[in-house]
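Line order of the protein sequences matches chains A and B.
Heads up: the first sequence begins at 1 in UniProt numbering, then just goes up one per residue.
Heads up: the second sequence begins at 1 in UniProt numbering, then just goes up one per residue.
Number of protein chains: 2
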Amino acid sequence: MVMKLHCFGESGNAYKCALALELAGEPWEPVHVDFFRGATRAPAFRALNVMGEVPVLEDGETVLTQSGAILDYISTVTGKLGGKLAADRREVLRWILFDTQKVSGMAGPLRFQMNFLPEEKRDPAVAAFLSGRLHSALKIMETHLADREWLVGDGVTIADCACCGYLYYDEDFTFDRVQYPAIDAWLSRLSALPGWKHPYELMTRAFPG
Amino acid sequence: MVMKLHCFGESGNAYKCALALELAGEPWEPVHVDFFRGATRAPAFRALNVMGEVPVLEDGETVLTQSGAILDYISTVTGKLGGKLAADRREVLRWILFDTQKVSGMAGPLRFQMNFLPEEKRDPAVAAFLSGRLHSALKIMETHLADREWLVGDGVTIADCACCGYLYYDEDFTFDRVQYPAIDAWLSRLSALPGWKHPYELMTRAFPG
Chain A
1 MVMKLHCFGE SGNAYKCALA LELAGEPWEP VHVDFFRGAT RAPAFRALNV MGEVPVLEDG
61 ETVLTQSGAI LDYISTVTGK LGGKLAADRR EVLRWILFDT QKVSGMAGPL RFQMNFLPEE
121 KRDPAVAAFL SGRLHSALKI METHLADREW LVGDGVTIAD CACCGYLYYD EDFTFDRVQY
181 PAIDAWLSRL SALPGWKHPY ELMTRAFPG
Chain B
1 MVMKLHCFGE SGNAYKCALA LELAGEPWEP VHVDFFRGAT RAPAFRALNV MGEVPVLEDG
61 ETVLTQSGAI LDYISTVTGK LGGKLAADRR EVLRWILFDT QKVSGMAGPL RFQMNFLPEE
121 KRDPAVAAFL SGRLHSALKI METHLADREW LVGDGVTIAD CACCGYLYYD EDFTFDRVQY
181 PAIDAWLSRL SALPGWKHPY ELMTRAFPG
């Protein structure tokens, strides 16, 4: 039985996992979550996952949430994308945590604010706050990537899958690749890998359009 | 040579690591970071740590940032606080990530906004946004802890050290233990453990008073 990923196209956190599965060459099956119609608040979904989060990975009896934990699982099970050296493992975890707190952790809510929240609920002060924090984190990534091909070690890892989670989306969230040449080159390097696909190619969109 | 933790009292992220070191019975030495006078922006600190973050753990040649990665390191090196079963490890990681994104990830900036930012820079809209997200996460923790003593397995782990990082501070950040009886009982259970200390007992305060 192949792994199932409960996901929807707009979720960058789900994309990280879908991308890692593709890059690892692991067969998987998307289970569409109708997020904008409240699917994550339904009792069946809450029974699967008390945190009410997307994505959820199901692999037989194993049910996991939090994209960083799912990435760790995919890497462990497939033996891929975890870095070559033992010392890489801790660096991979560090970048996944950095992403969770400061890159995707800011880009996700910011993109939601600017694109998916009903207009009357949007707040420019909140968007400005999130954007300021996102760009502080992007500057650190830009510095780190200035003289490296990948975030950790000398090959692609789940740390790259994590940190790029929101960065291929076209909706405006104040991120412009042109402003970050090292990040731009790294995103091009990633999207040139065999198996890479854009989030909307891997997962069905949920936003009512 | 004992481990050194670059820290200051107001940092809940540093507290998580200091607390884990105490609970593990591992000798350690605090190195005070004069945060509010710009110490994390100084070249010497940036050389130690490109991310410019507090805490930083130094253990001989090993230099680590991101409290979740430091907690993982402390647990690995001491063989303590990692959970008893192999299956616990993934749950521990999941709660550390949940905390990084949604509990400490919101409580930290919110407490900063409400207490340490110059008053003219505070924004009630930002505080309301962060508070809303924090309380959503606290409700999930409250549900999870309703019928358990610890977040993972049947003993204290670094997941508990992570999630309590900001919850013992007295400064107002819209969290009141009385509203969360299961969290309240869990915090009391934690603070009754041998070795537990309040953040301001473990680390020197940096906020100019």
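Beta carbons: idealized from backbone N, C-alpha and C, even for Gly.
Small disclaimer: the values here were computed from a predicted structure and weren't measured.
- Under the three-state reduction of DSSP output, T174(B) falls in the coil class, being neither helix nor strand.
- Within its own chain, the residues whose Cβ lies closer than 7 Å to the Cβ of S131(A), once the five positions on either side in sequence are excluded, are L110 and T174, listed in chain order.
- In this structure, G68(B) lies near A162(B), with their beta-carbon atoms less than 8 Å apart.
- In this structure, DSSP gives K102(A) a helical state, which the three-state scheme calls helix.
- By a beta-carbon distance limit of 8 Å, L23(A) contacts W196(A). Their separation comes to about 7 Å.
- Within the region 131 to 157 of chain A, contact with chain B at the beta-carbon level (separation under 7 Å) is assigned to I140, T143 and H144.
- Taking every protein chain shown into account, the CB of G155(B) has fewer than 16 other CB atoms within 10 angstroms, so this residue is exposed.
- Contact between V2(A) and P43(A) is ruled out by a C-beta separation of about 26 Å, above the 8 Å threshold.
- With a threshold of 8 Å between beta carbons, R122(B) makes no contact with chain A.
- Here E61(A) is not near A206(A), since their CB atoms are 8 Å or more apart.
- Rounded to whole angstroms, the separation of the alpha carbons of D184(A) and C164(A) is 11 Å.
- In chain A, no part has a C-beta under 8 Å from the C-beta of A86(B); the shortest such distance is about 11 Å.
- Assignment of beta-bridge partners to W28(B) by DSSP yields M3(B).
- With the rule of 3 Cβ pairs closer than 8 Å, the region 106 to 125 of chain A does not count as touching the region 73 to 85 of chain B.
- At the C-beta level, Y169(A) and P199(A) come within 8 Å of one another.
- Under the Cβ criterion of 8 Å, T65(B) is counted among the residues facing chain A.
- Contact between H6(A) and V56(A) holds, since their C-beta atoms are separated by about 4 Å, short of 8 Å.
- Not flagged as an interface residue toward chain B: D59(A), since no C-beta distance is shorter than 8 Å.
- Minimum Cα-Cα distance from L190(A) among the listed residues F45(A), T40(A), E171(A) and R148(A) corresponds to R148(A).
- A127(A) and Q113(A) do touch by the CB rule: their CB atoms are close to 5 Å apart, below 8 Å.
- For M51(B), the C-beta contacts it makes with chain A under 7 Å involve F98 and I140, in order along the chain.
- The C-beta of S75(A) has 16 or more other C-beta atoms within 10 Å across all chains shown, which makes the residue buried.
- In the three-state scheme derived from DSSP, where H, G and I count as helix and E and B as strand, T65(A) is classed as strand.
- Taking 8 Å as the CB threshold, F116(A) stays off the interface with chain B.
- Within the same chain, and ignoring the five residues on either side of R41(A) in sequence, the residues whose Cβ sits closer than 7 Å to its Cβ are G52.
- Across the set D160(B), W186(B), R94(B) and D172(B), the C-alpha of D160(B) shows the shortest separation from the C-alpha of N13(B).
- G108(A) counts as buried, since no fewer than 16 other beta carbons sit within 10 angstroms of its beta carbon.
- In the structure shown, E58(B) falls within a strand segment according to DSSP collapsed to helix, strand and coil.
- Taking 8 Å as the cut-off, the Cβ atoms of A182(A) and A137(A) do not count as close.
- Taking a C-beta distance under 8 Å as the contact criterion, V92(B) and T143(B) do not qualify as a contact pair.
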